[in-house]
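Remarks on the structure that follows.
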Amino acid sequence: MAAGVCFLILVGLAVLALGLIMNHYLPLFSKHSLLPRGTFGWPHPSNSVGHFLQDHCSRYGRVFKSHLFFSPTVVSCDQELNYFILQNEDKLFQCSYPKPIHGILGNKSMLVAVGDTHKRLRNVALSLVNTIKANPDFLDDIDTTAIQVLCSWKDKRQVIFCEEARKVLGLGPDDVQAREILKDFLTFMRGLISLPLYIPGTPYARAVKARSRISSTVRAIMQERRRVSVENSKKKNDFLDTLLRVDTLSEDEKVSFALDSLLGGYETTSLLMAMVVHFLGQSPSALQEMKEEHQEIRGMKQKDEYLNWEDFKKMNFTQNVVNEALRFGNIVKFVHRKALKDIKFKDYSIPCGWKVLPIFSAVHLDPSLHANALQFHPRRWETQDQACKKFTPFGGGSRCCPGSELAKVEVAFFLHHLVQNFRWSTNDGDHPIAYPYIEFHKGLVLDVESKLV
Ligand code: HEM
Numbered sequence: 001m002a003a004g005v006c007f008l009i010l011v012g013l014a015v016l017a018l019g020l021i022m023n024h025y026l027p028l029f030s031k032h033s034l035l036p037r038g039t040f041g042w043p044h045p046s047n048s049v050g051h052f053l054q055d056h057c058s059r060y061g062r063v064f065k066s067h068l069f070f071s072p073t074v075v076s077c078d079q080e081l082n083y084f085i086l087q088n089e090d091k092l093f094q095c096s097y098p099k100p101i102h103g104i105l106g107n108k109s110m111l112v113a114v115g116d117t118h119k120r121l122r123n124v125a126l127s128l129v130n131t132i133k134a135n136p137d138f139l140d141d142i143d144t145t146a147i148q149v150l151c152s153w154k155d156k157r158q159v160i161f162c163e164e165a166r167k168v169l170g171l172g173p174d175d176v177q178a179r180e181i182l183k184d185f186l187t188f189m190r191g192l193i194s195l196p197l198y199i200p201g202t203p204y205a206r207a208v209k210a211r212s213r214i215s216s217t218v219r220a221i222m223q224e225r226r227r228v229s230v231e232n233s234k235k236k237n238d239f240l241d242t243l244l245r246v247d248t249l250s251e252d253e254k255v256s257f258a259l260d261s262l263l264g265g266y267e268t269t270s271l272l273m274a275m276v277v278h279f280l281g282q283s284p285s286a287l288q289e290m291k292e293e294h295q296e297i298r299g300m301k302q303k304d305e306y307l308n309w310e311d312f313k314k315m316n317f318t319q320n321v322v323n324e325a326l327r328f329g330n331i332v333k334f335v336h337r338k339a340l341k342d343i344k345f346k347d348y349s350i351p352c353g354w355k356v357l358p359i360f361s362a363v364h365l366d367p368s369l370h371a372n373a374l375q376f377h378p379r380r381w382e383t384q385d386q387a388c389k390k391f392t393p394f395g396g397g398s399r400c401c402p403g404s405e406l407a408k409v410e411v412a413f414f415l416h417h418l419v420q421n422f423r424w425s426t427n428d429g430d431h432p433i434a435y436p437y438i439e440f441h442k443g444l445v446l447d448v449e450s451k452l453v
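Mind the numbering: the sequence shown is residues 1 to 453 in my numbering, read in order.
The structure is reproduced here in structure tokens:
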């Protein structure tokens, strides 16, 4: 009897293995003779893709096929194809994150939603962003928090910048709930790039758990906010209050929405801040030019007057620096799509159902598109329009990032106070480690010297 069961298990495993191998290699023999050239490979550890991309592009060209995230995949490092993919969302291509990512994000997440559900959630996101932008308290809050964080550096000689950047974005260290979210959040981010096996103790399983803890915390914060606003009948008009008032979303969708914004906006924006500070630390001439720009803007204002949108518009060089950090730093290296039909583009054909990865970082660092592509050179943006096919740090088309302006103004306002009040230097060896989740090894340690009295 026991031998019979063992035999059945063995047969089952053999069939499973054969299935996996067939699934892996069969598409290679498909009828699509014009498939981009290349060979299939087993899934790669995510931190080797830098080398992987370089190697594959030089061997097979800018568009090649591979087998990634357990799917046959067309990888595109071609600006035209990337643009074509982004512009044809829901027509020829569709957002398609690996299934296990849905397990972490939840099925109400806008980041994975498609079709009508996505449209409905996106409309809410756009109107929320507009409400926030139109609220002067939002800009004053950014300004105040930036000043507070920098004042706390006054007597310090060293800071771990990534931690400070997160404080600037509003999750203070003294707030227990916020600290909990932050801890879970990092677990959550690491899970997103880990191997999706739900075995207790794996990063993936920890991330799924972290997600459910974060959503309970967010739910509790929302309930508390509702209670307080009923008691005080006072509206704060910030992101959370505005979200609570939306009547086209269920409670679960609101929780999911708050999580999407945290995931989409929080770590990305603090990383952008860290990138700018890191690159400026190595580029004295850019730093000097930036200081002059901010001194001039400050010179036209009262001593403690808050910054506003008009000031932001005057920060031309700062915006060039931020764009260059986005190009050079590549916070989001690529996005996930799948082909909805058999597609022909230039000489390539992409079979229906295949995964498609437009790689933004490869285009951003392509020396044939950006002169001295491997140098941090903010002035290139003086003559280069940022709305172009070769620069897509926020994606494009109907899924283009709704928070891009918010992120830029947060970073610019923080820099306004930083460059005027501090000198800093970065430590050797603390570089951003890329792919796909970027981290500074030691959290970007800065030696700082205050000019504040
Ligand atoms: C430097 C900062 C940021 C970067 C580099 C960034 C990048 C991106 C990219 C590349 C996408 C497209 C994803 C895709 O096509 O699949 C995206 C989408 C999104 N981002 Fe951002 N983002 C940033 C800041 C923000 C902020 C501050 C928020 C929220 C306030 C935000 C919320 C979102 C949301 C909700 C989406 C999904 C949009 C959709 O599917 O229609 N992001 N972001």
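C-beta atoms are modelled at their ideal positions from N, C-alpha and C, and glycine is treated no differently. In this text the structure is predicted, and so the values were computed from the model without any measurement.
Not a single heavy atom of ligand 1 lies less than 7 Å from the C-beta of V277. If you check the CB distance, E449 and F422 come in under 8 Å. Residue burial annotation: G201 is exposed, with fewer than 16 other C-beta atoms found within 10 angstroms of its C-beta. The DSSP-derived three-state label of T392 is coil. Shown here, C95 sits in a strand according to DSSP, grouped into three states. Per DSSP, A371 lies in no alpha helix (DSSP H) and is assigned neither H nor E. Remark: the C-beta of S404 is in contact range of ligand 1, defined as less than 7 Å to any heavy atom. Distance check between G264 and each of P402, Q375 and N308 places P402 closest, using alpha-carbon atoms only. Runs of the beta strand (DSSP E) spanning 3 or more residues and lying entirely within the stretch 279-359 occur at 337-339, 343-345, 348-350 and 355-358, in chain order. Boundaries of the alpha helix (DSSP H) harbouring S261: E251 to S261, taken from the DSSP string. Counting only the Cα atoms, G443 lies some 7 Å from E163. Here the stretch 224-231 does not lie against the stretch 114-124, with fewer than 3 beta-carbon pairs under 8 Å apart.
In chain order, V208 place their CB closer than 6 Å to the CB of G103, counting only its own chain and leaving out the 5 sequence neighbours on each side. Listed as beta-bridge partners of K65 by DSSP are V74.
With a cut-off of 7 Å, the C-beta of D141 is classified as distant from ligand 1, since no heavy atom of the ligand falls inside that distance. Residue environment analysis places H441 among the exposed positions, since fewer than 16 neighbouring C-beta atoms fall within 10 angstroms of its C-beta. Taking C-beta atoms as the reference points, K390 and H370 count as a pair closer than 8 Å. In the structure shown, D447 falls within a strand segment according to DSSP collapsed to helix, strand and coil. Not one heavy atom of ligand 1 sits closer than 7 Å to the Cβ of P432. In this structure, N330 is the residue among N330, Y348 and F161 with its C-alpha nearest to the C-alpha of L374. Of all alpha-carbon atoms in N320, S349, S404 and G281, the one lying nearest the alpha-carbon of E293 is that of N320.
Counting only residues of its own chain and dropping the five nearest sequence neighbours on each side, S215 has a CB closer than 7 Å to the CB of V255 and L259. Remark: the shortest separation between the CB of A387 and any heavy atom of ligand 1 does not fall under 7 Å. Residue side-chain check: F414 keeps its Cβ at 7 Å or more from all non-hydrogen atoms of ligand 1. Distances between the C-beta of R166 and the heavy atoms of ligand 1 are all 7 Å or more. Distance from the CA atom of I438 to the CA atom of H431, rounded to whole angstroms, is 10 Å. In this structure, V332 has its beta carbon less than 7 Å from a heavy atom of ligand 1. Around the beta-carbon of I433, fewer than 16 other beta-carbon atoms lie within 10 Å, marking it exposed.
For the set F70, Y83, V74 and K65, the Cα lying nearest the Cα of V363 is the one of Y83. Taking the Cβ atoms as the reference, T392 lies roughly 17 Å from F345, outside the contact range of under 8 Å. R166 sits buried, since 16 or more C-beta atoms from the chains shown fall within 10 Å of its C-beta.
Remark: C-beta atoms of I101 and V409 do not approach each other more closely than 8 Å. In the structure shown, T248 adopts coil according to DSSP, grouped into three states.
Judged by pairs of C-beta atoms under 8 Å, the stretch 379-388 does not touch the stretch 57-72, as fewer than three such pairs exist.
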